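Q: Chains as they are written, first to last, in our numbering: chain X, 2 to 188; chain P, 2 to 188.
Beta carbons: idealized from backbone N, C-alpha and C, even for Gly.
Nothing here was measured: the structure is a model prediction, and the numbers come from that model.
Handing you a structure now.
Protein chains: 2
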Amino acid sequence: MPKLSEEVKEARREAILAAARRCFADYGYEGATVARLETATGASRGAIFNYFATKEELFLALADADAARFANLWIDSGFEQVLRALLAEDPAWLGVYFEIGRRLRTDEQFRLRWAKRAPDFEQRLEERLRALQESGELRSDVGWQSLGRYMGIVADGLAIRRAAGFQTDDTEALITVVLSAIRPQRA
Amino acid sequence: MPKLSEEVKEARREAILAAARRCFADYGYEGATVARLETATGASRGAIFNYFATKEELFLALADADAARFANLWIDSGFEQVLRALLAEDPAWLGVYFEIGRRLRTDEQFRLRWAKRAPDFEQRLEERLRALQESGELRSDVGWQSLGRYMGIVADGLAIRRAAGFQTDDTEALITVVLSAIRPQRA
Numbered sequence: 002m003p004k005l006s007e008e009v010k011e012a013r014r015e016a017i018l019a020a021a022r023r024c025f026a027d028y029g030y031e032g033a034t035v036a037r038l039e040t041a042t043g044a045s046r047g048a049i050f051n052y053f054a055t056k057e058e059l060f061l062a063l064a065d066a067d068a069a070r071f072a073n074l075w076i077d078s079g080f081e082q083v084l085r086a087l088l089a090e091d092p093a094w095l096g097v098y099f100e101i102g103r104r105l106r107t108d109e110q111f112r113l114r115w116a117k118r119a120p121d122f123e124q125r126l127e128e129r130l131r132a133l134q135e136s137g138e139l140r141s142d143v144g145w146q147s148l149g150r151y152m153g154i155v156a157d158g159l160a161i162r163r164a165a166g167f168q169t170d171d172t173e174a175l176i177t178v179v180l181s182a183i184r185p186q187r188a
Numbered sequence: 002m003p004k005l006s007e008e009v010k011e012a013r014r015e016a017i018l019a020a021a022r023r024c025f026a027d028y029g030y031e032g033a034t035v036a037r038l039e040t041a042t043g044a045s046r047g048a049i050f051n052y053f054a055t056k057e058e059l060f061l062a063l064a065d066a067d068a069a070r071f072a073n074l075w076i077d078s079g080f081e082q083v084l085r086a087l088l089a090e091d092p093a094w095l096g097v098y099f100e101i102g103r104r105l106r107t108d109e110q111f112r113l114r115w116a117k118r119a120p121d122f123e124q125r126l127e128e129r130l131r132a133l134q135e136s137g138e139l140r141s142d143v144g145w146q147s148l149g150r151y152m153g154i155v156a157d158g159l160a161i162r163r164a165a166g167f168q169t170d171d172t173e174a175l176i177t178v179v180l181s182a183i184r185p186q187r188a
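Written out as structure tokens, the structure reads:
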């Protein structure tokens, strides 16, 4: 086999990831068998496992990319844009996330690996939330930790409702309500 | 076999439910096999299936009871008490709920059955939310539907975070933030 350039390798890796994401969304984590991943990606299992050691690594690479995307969106563009991105996300892919909930609960190693998806996220988020409290854009009568936790809970709740197939037709009202909890409160 | 009185039957049914709940929490929905349910309940499969036609019916009876409990709490005592109850709930049991997410997404019959857990809940909640808007306890610049949806999203998000094993040490601050979104907003 001729040696592939780094560009070609990277492009193949990205193509495998995109097709695998669709496959996981269509069949779920367990249902996305290696045979189905081969069909979806058009790559042999040998080629796939050349890029990702296991199916779990392939899935975690997708989860890593998502975590980085949402973390950057949160930190760079604010929580409202996270809400909008979640409302635009493929519900089937969101569903795959929640299939791994049991594993997160029972598998300590997996939980540690999962928590490391966006490694510097916690620190960058802390800095951002502190700055937003400082400038008066976020309420400061509660700690930034609680504001961050609130936003995480809302994001997860929105994602799981969409994953379960529930529709929302009042996006703007919902965003208004969610955001009013984190803005400075008038006495 | 002597005929059992209604009281004895009802007590046995309740005992099977309580033990099955623990079994589902410990092993998950799939992992709670009939053999494990027999061990947990101390009842034979014949006795169990005398009360519940299938494992799914047994699980749905538990989900029905939970849905009724949370619906009544919401309507009678307010959303703050729902948050407190979720914070006190067994995380392992909450986890079982989210295992069925994929099924909810892909199985229309199951989704219809699931939506019927607390049949008159939607109407009672609507009446309650309208009354709370009327009396000025809830904000009225957005529709009651959006307020109800917000509270549902927060409840689901809190439940899934707890199910995934994350700890909260700022319960009171979190409740303050969540509730400030639904109270009348001062301009």
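(1) Would you say the beta carbon of residue 182 of chain P comes nearer than 6 Å to a heavy atom of the ligand NAP?
(2) Can a CB atom of chain P be found closer than 7 Å to the CB of residue 143 of chain X?
(3) Going by the beta-carbon positions, is the gap between residue 88 of chain P and residue 82 of chain P smaller than 7 Å?
(4) Give, in chain order, every residue of the segment 111-129 of chain X whose Cβ lies closer than 7 Å to some Cβ of chain P.
(5) Output, in chain order, the set of chain X residues within a Cβ distance shorter than 7 Å of residue 155 of chain P.
(6) Mind checking whether residue 96 of chain P and residue 164 of chain P have CB atoms under 7 Å apart?
(7) With a Cβ-Cβ cutoff of 7 Å, do residue 94 of chain X and residue 26 of chain X count as a contact?
(8) Considering only their Cβ atoms, is the gap separating residue 37 of chain P from residue 28 of chain P smaller than 7 Å?
(9) Mark residue 132 of chain P as exposed unless 16 or more other C-beta atoms lie within 10 angstroms of its C-beta, in which case mark it buried.
(10) Between which two residues does the alpha helix (DSSP H) carrying residue 1 of chain P extend?
(11) Quick one, are the C-beta atoms of residue 183 of chain X and residue 130 of chain X less than 7 Å apart?
(12) If the cut-off is 7 Å on Cβ atoms, which residues from the segment 70-81 of chain X count as contacting chain P, listed in chain order?
(13) By alpha-carbon positions, which one of P:12, P:66, P:166 ends up nearest to residue 108 of chain X?
(14) Out of P:76, P:60, P:19, state which residue places its alpha-carbon closest to the alpha-carbon of residue 121 of chain P.
(15) With H, G and I counted as helix, E and B as strand and the rest as coil, what does DSSP make of residue 90 of chain P?
(16) May I ask which residues mark the beginning and end of the alpha helix (DSSP H) holding residue 184 of chain P?
(17) So, at 8 Å on beta carbons, what are the nonlocal neighbours of residue 151 of chain X in its own chain, with the 5 sequence-adjacent residues on each side left out?
(18) Starting from residue 158 of chain X, trace the alpha helix (DSSP H) both ways and give me its first and last residue.
(19) Is any beta-carbon of chain X found at less than 7 Å from that of residue 28 of chain P?
(20) To the nearest angstrom, how far is it from the Cα of residue 60 of chain X to the Cα of residue 86 of chain X?
(21) Does DSSP classify residue 172 of chain P as helix, strand or coil?
(22) Please list the residues of the segment 159-177 of chain X that have a C-beta atom closer than 7 Å to any C-beta atom in chain P, keeping them in chain order.
(23) Just to confirm, is the Cβ distance from residue 147 of chain P to residue 175 of chain X under 7 Å?
(24) Which whole-angstrom value is the C-beta distance of residue 99 of chain P and residue 161 of chain P, which I expect to be below 8 Å?
(25) Does DSSP classify residue 137 of chain X as helix, strand or coil?
(26) Would you say residue 186 of chain X lies against chain P (beta-carbon separation less than 7 Å)?
(27) Just to confirm my understanding: we take residue 126 of chain P, look at its own chain, exclude 5 residues before and 5 after, and list those with CB closer than 8 Å. What are they?
(28) Mind checking whether residue 12 of chain P and residue 24 of chain P have CB atoms under 7 Å apart?
(29) Between the Cα of residue 17 of chain X and the Cα atoms of X:30, X:32, X:46, X:4, which residue gives the shortest distance?
(30) For residue 21 of chain P, collect the residues of the same chain with a Cβ closer than 7 Å to its Cβ; drop the 5 residues on either side in sequence, then sort them by chain order.
(31) Determine the DSSP secondary structure at residue 117 of chain X, reduced to helix, strand or coil.
(32) Residue 66 of chain X and residue 119 of chain X: beta carbons closer than 7 Å?
(33) Is it the case that the Cβ atoms of residue 155 of chain P and residue 178 of chain P are separated by a distance below 7 Å?
(34) Can you find a CB in chain P that lies within less than 7 Å of the CB of residue 46 of chain X?
(35) First and last residue of the alpha helix (DSSP H) that includes residue 32 of chain X?
(36) Label residue 48 of chain P either buried or exposed according to how many other C-beta atoms from any shown protein chain fall within 10 Å of its C-beta, with 16 as the threshold for buried.
A: Let's see:
(1) With respect to the ligand NAP, the structure shown offers nothing to examine, as it has no ligands at all.
(2) Cβ-Cβ to chain P under 7 Å: yes for residue 143 of chain X.
(3) No, Cβ-Cβ distance for residue 88 of chain P and residue 82 of chain P is not below 7 Å.
(4) Those would be 112, in chain order.
(5) Near residue 155 of chain P (Cβ distances below 7 Å), the residues of chain X are 154, 155, 158.
(6) In contact: residue 96 of chain P and residue 164 of chain P (Cβ atoms closer than 7 Å).
(7) In this structure, residue 26 of chain X lies closer than 7 Å to residue 94 of chain X by Cβ.
(8) It is a contact, given that the beta carbons lie within the stated cut-off.
(9) Residue 132 of chain P should be labelled exposed.
(10) What the structure shows of chain P is the stretch from 2 to 188, and residue 1 of chain P is not part of that stretch, so it cannot be assessed.
(11) No; because the gap between Cβ atoms is not below 7 Å, this pair is not in contact.
(12) Result list empty, no residue passes.
(13) It is P:166 whose Cα lies nearest to the Cα of residue 108 of chain X.
(14) Checked all of P:76, P:60, P:19; the closest Cα to residue 121 of chain P is P:76.
(15) In this structure, residue 90 of chain P counts as coil in the three-state DSSP scheme.
(16) Looking at the DSSP string, residue 184 of chain P is not in any alpha helix (DSSP H), and its letter there is neither H nor E.
(17) Answer for residue 151 of chain X: 182, 183, listed in chain order.
(18) Residues 145-164.
(19) Chain X contact via Cβ: absent.
(20) Cα to Cα, the separation comes out at about 20 Å.
(21) If DSSP states are grouped into helix, strand and coil, residue 172 of chain P belongs with the helices.
(22) Answer in chain order: 159, 161, 162, 164, 165, 166, 169, 171, 174, 175, 177.
(23) Contact flag set, yes.
(24) Indeed, because the Cβ distance is near 6 Å, the residues count as touching under 8 Å.
(25) Residue state for residue 137 of chain X is assigned as coil, using DSSP reduced to three classes.
(26) Yes, its Cβ sits closer than 7 Å to a Cβ of chain P.
(27) Here the set comprises 72, 75, 76, 149.
(28) No, Cβ-Cβ distance for residue 12 of chain P and residue 24 of chain P is not below 7 Å.
(29) If we check each option's Cα against that of residue 17 of chain X, X:46 comes out closest.
(30) Within the same chain, residue 21 of chain P has close Cβ partners 38, 41, 42, 59, 63.
(31) In the displayed model, residue 117 of chain X falls within coil according to three-state DSSP, outside both helix and strand.
(32) Result no, Cβ atoms of residue 66 of chain X and residue 119 of chain X do not sit closer than 7 Å.
(33) In this structure, residue 178 of chain P does not lie closer than 7 Å to residue 155 of chain P by Cβ.
(34) Chain P, which has no Cβ nearer than 7 Å to the Cβ of residue 46 of chain X, makes this no.
(35) Taken as a continuous stretch (DSSP letters only), the alpha helix (DSSP H) holding residue 32 of chain X covers 7-32.
(36) Around the beta carbon of residue 48 of chain P, fewer than 16 other beta carbons lie within 10 angstroms, which makes this residue exposed.
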